[in-house]
Amino acid sequence: MTNLWTNRVVLVVEDEPINFLYLFELLSESGLILINAKSGEEAIEICQTNNKIELVLMDIQLPGISGYEATKKIKTIKKDLPIIAQTAYSQSEEKEKAIKASCDGYISKPIDTDELYAIFNKYLNK
């Protein structure tokens, strides 16, 4: 899967360095430019100042405000920016919370490569 999305920018909101590193390695040959925000507040700030972001992978359990709250605030700034919730909790109520918070999709950790690539294909190949 080499250079599928060359120079496309994805914001990864993830406070655990090992989880960001996993995604970075997983996507190392995709051509994507990954930006890491370590909190919901940082994600909001980046979305306010960086117009190149085309997709957000939003961890739900974050220090400070939750990923759900960050999503709601980002959607008031950029309503068309796709935001995909990512969490280790795979219960159906978490998926419902993600939809209520205006997330465009949901992916469970550990992240399945095929599922992640399907999300990128859906939102980055429009």
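Going by our numbering, the first residue of the sequence shown is number 1185, and it counts up by one from there. Positions of the beta carbon are idealized from the N, C-alpha and C atoms, including for glycine. Bear in mind the structure is a predicted one, so any value in this text is a computation, not a measurement.
- Counted as a single uninterrupted DSSP element, the alpha helix (DSSP H) harbouring T1260 occupies residues 1251-1261.
- Counting only runs of 3 or more residues that sit fully inside the stretch 1267-1299, the beta strand (DSSP E) segments are 1267-1271, 1289-1292, in chain order.
- Going by beta carbons, K1256 and A1285 fall inside the 8 Å limit.
- Membership of L1205 in any beta strand (DSSP E) is not indicated; the residue belongs instead to the alpha helix (DSSP H) covering 1201-1210.
- Within the same chain, Cβ atoms closer than 6 Å to the Cβ of L1241 are found at V1196, I1268, Q1270, the five residues on either side in sequence being excluded.
- From the listed residues R1192, A1227, V1193, the smallest Cα separation to D1199 is found for A1227.
- The shortest CA-to-CA distance from N1187 to any of I1217, G1248, P1201 is the one to I1217.
- According to the DSSP assignment, I1230 belongs to the alpha helix (DSSP H) that extends over 1224-1233.
- Within the same chain, I1268, Q1270, E1299, L1300, I1303 come within 7 Å of I1291 by CB-CB distance, once the 5 residues on both sides are set aside.
- Judged by DSSP secondary structure, D1243 falls within the beta strand (DSSP E) whose first and last residues are 1237-1243.
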